[in-house]
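K.L.:
In this note's numbering, the protein residues as written are 989 to 1120.
Glycine included, each C-beta is placed from N, C-alpha and C at the ideal position.
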Amino acid sequence: MMYLLDTNICIYVINEQPAQVLQRLIQVGRESLAISTVTVAELAFGVEKSDRAGTRTKLENFLSKFPILDWNQEAAWVYGRVRKVLEAKGQRIGERDLLLACQALALGATMVTNNTREFERIDGLKLENWVA
C-alpha cells in the first residue's frame, strides 16, 4: 500500500512531533511513503517565508528520504472528473488539496492528512489521519 503525505504531516515529521505521527511512520515504513511535487511546492513556499537559518537544509534532508512523485497526466484526468463532480454538488476544496487528492486517487494511494474535513468531500479517496 502506498501513502501520500500531505503538507501538514510532512511538517509534523520534520518537527518530530506529535509522537503518534512518528510512530505511525515507523509502523508503515518509509518504503510505503511518497511525497507529491505539489507538497514539495507548499513546503518550499514555507521555507521561503521563514526567516530561520537552516530551514531549507532541514527540508532538503527530509525530502531526500522519500520518493518525490511528479503530478502527471493521469492525475490531471482524475482532477477534471473530480472537480466536475464537486462543482455539480456546489462543493469546493482548496486547489492544492484537490491536486493532491487527485494524485492519490490516480496512484491508488491513501492520503495521510490532518485535514480530513477538506478531503472527505472526494468520493473514493482513502484517508488516514495519523494525528487523531
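(1) Excluding five sequence neighbours on each side, which residues of the same chain lie with their C-beta closer than 8 Å to the C-beta of Glu-1108?
(2) Hey, quick one: how far does the beta strand (DSSP E) through Thr-1098 stretch, first residue to last?
(3) Looking only at DSSP bridge pairs, what is Glu-1116 linked to?
(4) Comparing C-alpha positions only, which one of Glu-1106, Leu-1113, Asn-1102 and Asp-1111 sits nearest to Gln-1005?
(5) Under 8 Å, with one C-beta from each stretch per pair, do the region 1088 to 1100 and the region 993 to 1002 reach the 3-pair mark?
(6) Rounded to whole angstroms, how far is the Cβ of Val-1001 from the Cβ of Phe-1050, which I believe are closer than 8 Å?
(7) Between Arg-1018 and Phe-1054, is the Cβ-Cβ spacing less than 8 Å?
(8) Any idea which residues DSSP pairs Ile-997 with across the strands?
(9) Taking its Cβ as the centre, do 16 or more other Cβ atoms sit within 10 Å of Val-1070, making it buried, or is it exposed?
(10) Just curious, the alpha helix (DSSP H) that Ile-1014 is in, first and last residue?
(11) Distance check for Leu-1093 and Gly-1112, CA to CA, integer angstroms please.
(12) In three-state DSSP terms, what is Ala-1041?
P.N.:
Based on what the coordinates show:
(1) Leu-1115
(2) 1098 to 1100
(3) Val-1100
(4) Asn-1102
(5) yes
(6) 7 Å
(7) yes
(8) DSSP lists no partner for Ile-997.
(9) buried
(10) Start and end: 1007 to 1016.
(11) 8 Å
(12) coil
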